[in-house]
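Chemist:
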Amino acid sequence: MFDPLTGKALPYPAPPPAPEPVHQRKITREKWFEIVCVIFLIVGGVGYLAWRNSHAQIPAMAVETLGEAGALAESKAYKPLDRQSLSGRQIAGYTKPLPEFQCFMNLIGAGESLETAIIWLTPRALAPSPSASAMQEAVNEVANIASLLVPSSGEALRKAVRTSEFMGEAKRPYDKGVVGTSDGWKVTYVTYRSFDDLEQPALILLLQTLSAGADPALAEFNRTLYRAIEEGNEVKSALKAL
């Protein structure tokens, strides 16, 4: 741009000053609240779609062993992380990078029997905010892998979202839905409304057999697991602390 009188180039206006750190964190939290609300709406519809799309391709029975579940995860491009023993259970970790999220999964079982699957998403950056397409892909990934492990979880997820409650008094406010399936699984769905670091999950989907949830030998394990979810902490570290 030039001055019409002098013919000299006009300087571009200075960029706006960056927000103060405290104000920037507030902006980030508000943006993530909006994003999680969108995730909440997306999951409401994707549960049924995942169930419908996968139901015709796989048996109606849930995967029964850690070996089968691990092979299924690796066939869907999940990378194995580690396998540990805890409270008499085996825990196998997996992860899969997505465009703007990271998907993690812990498969837990007694011996080789699959009892629990924990699937969660963490953002790969707090800013800029993830795109709508990245959110859709990430939520689809969680719903789809859950439906492959436990086919009845697709319909259960849709019901869990529809009946979810807002937990506003928690350290990290979250929406939570819980529903049981006809084949003996409990589905717990959680989305969080604020973020402070990249280790905190954005969404958690927990699949656990009713028998494992009621097993006295797993009482401390389950308390630690659900406490971590309720407080919005990184699940793997909470389990390792046992």
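Residue numbers (my numbering): 8 to 249. C-beta: ideal position from N, C-alpha, C; glycine also.
Taking the alpha-carbon positions, what's the residue 243 to residue 134 distance?
Modeler: 24 Å
Chemist: Along the chain, where does the alpha helix (DSSP H) that runs through residue 153 open and close?
Modeler: 139 to 156
Chemist: Output yes or no for whether 7 Å exceeds the beta carbon distance between residue 167 and residue 186.
Modeler: yes
Chemist: Give a yes or no on whether the C-beta atoms belonging to residue 214 and residue 157 are separated by under 7 Å.
Modeler: yes
Chemist: Compute the Euclidean distance between the alpha carbons of residue 176 and residue 154, then round it to the nearest angstrom.
Modeler: 31 Å
Chemist: What first and last residue would you give for the beta strand (DSSP E) that runs through residue 228?
Modeler: That residue, residue 228, is in no beta strand (DSSP E); its alpha helix (DSSP H) goes 226 to 238.
Chemist: On the three-state DSSP scale, how would you describe residue 165?
Modeler: helix
Chemist: How should residue 30 be labelled, buried or exposed, when 16 other C-beta atoms within 10 angstroms of its C-beta is the threshold for buried?
Modeler: Annotation note: pLDDT 47 at residue 30 (below 50); position unreliable, coordinate value reported separately. Under this definition residue 30 is an exposed residue.
Chemist: Within the same chain, show all residues whose beta-carbon is closer than 7 Å to that of residue 216, passing over the 5 residues directly before and after it, in chain order.
Modeler: 122, 191 and 192
Chemist: Would you tell me roughly how many angstroms separate the C-alpha atoms of residue 203 and residue 210, rounded to the nearest one?
Modeler: Cα-Cα distance, rounded: 14 Å.
Chemist: Just to confirm, is the Cβ distance from residue 115 to residue 96 under 7 Å?
Modeler: yes
Chemist: If I'm right that residue 148 touches residue 110 with Cβ under 8 Å, what's the distance once you round it to whole angstroms?
Modeler: Between residue 110 and residue 148 the Cβ distance is about 5 Å, and since that is below 8 Å, they are a contact.
Chemist: What did DSSP end up calling residue 175 once you bin it into helix, strand or coil?
Modeler: Here residue 175 sits in coil by DSSP.
Chemist: State the Cα-Cα distance for the pair residue 87 and residue 183, rounded to the nearest angstrom.
Modeler: Cα to Cα, the separation comes out at about 28 Å.
Chemist: Using the three-state DSSP reduction, which class does residue 83 fall into: helix, strand or coil?
Modeler: coil
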